[in-house]
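Below is one structure, written out as structure tokens, with a few remarks after it.
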Amino acid sequence: MKIAITTTGKDLNSPLCERFGRTPFFMVYDTESDSFEVFDNSVNLNAPQGAGLQTAQNIARQGVSCVITGHCGPKAFFVLQKAGIKVFLAQNVTVKDAIAALKDGKLQEAKAPDVEGHW
Amino acid sequence: MVIAVASGKGGTGKTTLAVNLAFVANPRPVQVLDCDVEEPNVHLFLKGQTLESKTVSVTIPSVDEEKCSGCEECSNFCQFKALVVIGKTVLVFPELCHSCGGCRLICPEKTIDEVPRPIGKVETLQVQNDLLLIYGTLSIGVAMATPLIREVKNSRDHGAPLTVIDCPPGTSCPVIESIKGADVVLLVTEPTPFGLHDLTLAVDTVRVLGIPFGVVINRAGQNYPSLYEYLEKEKIPLIGEIPLNRAVAQAYARGDLIINSVSGYRAKIEEIFSRLIDLAEKSKRV
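Quick mapping for you: the protein sequence lines, in order, are chains A and B. Heads up: the first sequence begins at 3 in my numbering, then just goes up one per residue. Heads up: the second sequence begins at 27 in my numbering, then just goes up one per residue.
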């Protein structure tokens, strides 16, 4: 299973980024091989609009089955939902701990966006 | 002759100046265009009979998913991220679309059509025999003011001798669209730090557009010399001052014209009007 995690850094000890659309990076972690790849998302960091949509599209291209992020707005949530990607929310954690929490079933799947657009 | 009344800061008195100028203006007939489509308010002062009311639409993409190959070219092309491709599904976000039509042109499978999206309405009111008001109202939740402003401006009689445009506040796209093509711009400001700060932005904008302009200080009489120093340093013509006066505020609150309800103000507005015409004509001769 592949998981996308929004993050401000490039390794497993980096903090999870609570912003979805304007996350500086996202990591795609493969639970089968325990390997990961980091994708730069800085283009969307300064996008005037549509950052959440574009990040969602980029994440969907990586063929992940779920995303862990801090918060998710309505448009990004809609795109992820259409792509069949589950959304899990976590705050104040490292990427490593977020993945562990997901594996242990400690994260609850978000069934709706938890913030307004442009929060 | 087209006069645009603008300001950087909101609430400086654009509408007050625009409607009062329209009443003293000569030649006639006069058309007033309320281009502040996000918050039109000229109709509170100029009441009349509705001659026309029309819905304004922009075009947005509509995708035939049967034919879509999921190539993502439309999504990659769109600068506004209004199209997102998930597999072979194209998600369209109308509120982000700027109606450029690029996605339709770039689609290799020719699966994209354009469909109308209503964004607001334009109404024309007969206020007096020789005074028309044309104003736009943007629908709630719509952010695309510029196409509606363009439609307000297109709805006027281009052959009519005089048009007064009440612009939106600020210096962004809607303001540029409103001012564009004017013969002269009246920048309304107030003697406060905010008034001066936003005036400097408005001056920079109008200078880029190359339109002659003059400044009117509203609520004048408050001690703020920096504003006068700025005008002098920049050699900007000060074409009038409207003194701070409770009676003006009361007239405004009632929806009355200050030329009719506050003594001495008709002459001030007439003088501003004639100086504006001078500014426009002087620049035409150069």
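Backbone N, C-alpha and C define an ideal beta-carbon position, used for all residues, glycine too.
_Give me the chain A residues within the contact set of isoleucine 112/B, using Cβ-Cβ distance strictly less than 8 Å, ordered along the chain._
As a working note, residue 112/B is residue 86 in the second sequence. Per Cβ cutoff of 8 Å: Gln59, Ala62, Val81, Lys84 and Ala85.
*Looking at the structure shown, is serine 321/B part of a helix, part of a strand, or coil, going by DSSP?*
Lying before the first or after the last residue shown, residue 321/B is absent from chain B, which here runs from 27 to 312.
*How would you list, in chain order, the residues of chain B whose beta-carbon sits under 8 Å from the beta-carbon of glutamine 51/A?*
Translated into positions along the first sequence, residue 51/A becomes position 49. Correct list: Phe106, Lys107 and Leu122.
*Using a Cβ-Cβ cut-off of 9 Å, state whether threonine 115/B counts as contacting chain A.*
For the purposes of this step, residue 115/B is identified with residue 89 of the second sequence, where counting begins at 1. Chain A contact via Cβ: present.
*Skipping 5 residues on each side, what residues in its chain have a beta carbon closer than 7 Å to that of serine 181/B?*
Sequence index remark: in the second sequence, residue 181/B carries index 155 (1-based). Answer for serine 181/B: Val148, Thr150 and Ile160, listed in chain order.
_So the candidates are Val110/B, Thr172/B, Phe239/B and Thr231/B; which of them puts its Cα closest to the Cα of proline 87/B?_
Working through the second sequence from its first residue, we reach residue 87/B at position 61. Closest option to proline 87/B, Cα to Cα, is Val110/B.
_6 Å CB neighbourhood of lysine 88/A in its chain, flanking five on each side removed_ = As a working mapping, residue 88/A is identified with position 86 in the first sequence. Cβ neighbours of lysine 88/A beyond the five flanking positions: Cys68 and Glu111.
*Range of the contiguous beta strand (DSSP E) that encloses cysteine 74/A*: Residue numbering aside, residue 74/A sits at position 72 when the first sequence is read from its first letter. Here cysteine 74/A belongs to no beta strand (DSSP E), and DSSP marks it neither H nor E.
*Beta-carbon proximity of leucine 305/B to leucine 47/B, cut-off 9 Å*: Residue numbering aside, residue 305/B sits at position 279 when the second sequence is read from its first letter. Residue numbering aside, residue 47/B sits at position 21 when the second sequence is read from its first letter. Result no, Cβ atoms of leucine 305/B and leucine 47/B do not sit closer than 9 Å.
*Examine the Cβ distances between the segment 263-275 of chain B and the segment 239-255 of chain B and report whether three or more of them are shorter than 8 Å.*
yes
*Below 8 Å, can you find three or more Cβ-Cβ pairs linking the segment 69-88 of chain B to the segment 27-36 of chain A?*
no
*With glycine 236/B and glycine 34/B assumed to form a contact (beta carbons below 8 Å), what rounded beta-carbon distance in angstroms separates them?*
As a working mapping, residue 236/B is identified with position 210 in the second sequence. As a working mapping, residue 34/B is identified with position 8 in the second sequence. Contact flag wrong, Cβ pair sits at about 18 Å.
*Return helix, strand or coil for cysteine 104/B, following the three-state DSSP convention.*
Taking the second sequence and counting its residues from 1, one reaches residue 104/B at position 78. DSSP places cysteine 104/B in coil when its eight states are reduced to three.
*Using DSSP with H/G/I as helix, E/B as strand and the rest coil, what is arginine 63/A?*
As a working note, residue 63/A is residue 61 in the first sequence. Arginine 63/A falls in the helix class under three-state DSSP.
_Would leucine 47/A pass as an interface residue toward chain B - the criterion being a Cβ-Cβ separation below 9 Å?_
As a working note, residue 47/A is residue 45 in the first sequence. Output row for leucine 47/A: interface = no.
*Spatial neighbours of aspartate 224/B in its chain, beta-carbon cut-off 6 Å, leaving aside the 5 residues before and after*: Here the question's residue 224/B lines up with position 198 in the second sequence. Correct list, in chain order: Gly34 and Lys35.
*Is valine 168/B helix, strand or coil by DSSP?*
Position 142 of the second sequence, counting from 1, holds the residue named residue 168/B. DSSP places valine 168/B in coil when its eight states are reduced to three.
_Distance cut-off 8 Å: alanine 85/A Cβ against heavy atoms of the ligand MG_ = For the structure depicted, the ligand MG is absent and the ligand set is empty, with no information on it obtainable.
*List the whole-angstrom C-beta distance separating valine 168/B from alanine 32/B, where the pair is believed to meet the contact cut-off of C-beta under 8 Å.*
The sequence position of residue 168/B within the second sequence is 142, counting from 1. The sequence position of residue 32/B within the second sequence is 6, counting from 1. About 22 Å separates the two Cβ atoms, so there is no contact after all.
*Start and end of the alpha helix (DSSP H) containing threonine 42/B?*
For the purposes of this step, residue 42/B is taken as the residue at position 16 of the second sequence. Start and end: 40-50.
*Straight-line CA distance for lysine 259/B to leucine 227/B?*
For the purposes of this step, residue 259/B is identified with residue 233 of the second sequence, where counting begins at 1. For the purposes of this step, residue 227/B is identified with residue 201 of the second sequence, where counting begins at 1. Each residue's alpha carbon lies about 15 Å from the other.
*Three-pair Cβ contact test at 8 Å for the segment 44-63 of chain A versus the segment 99-108 of chain B*: yes
*Short CB-CB distance (under 9 Å) between serine 101/B and chain A*: The sequence position of residue 101/B within the second sequence is 75, counting from 1. Chain A contact via Cβ: present.
*Can the beta-carbon of leucine 117/B be found closer than 9 Å to that of lysine 113/A?*
Numbered from 1 along the second sequence, position 91 holds the residue referred to as residue 117/B. Numbered from 1 along the first sequence, position 111 holds the residue referred to as residue 113/A. It is not a contact, given that the beta carbons lie outside the stated cut-off.
*With a 10 Å radius around its C-beta and 16 neighbouring C-beta atoms as the bar for buried, classify leucine 72/B as buried or exposed.*
As a position in the second sequence, residue 72/B is number 46, starting the count at 1. Buried, by the Cβ-count rule.
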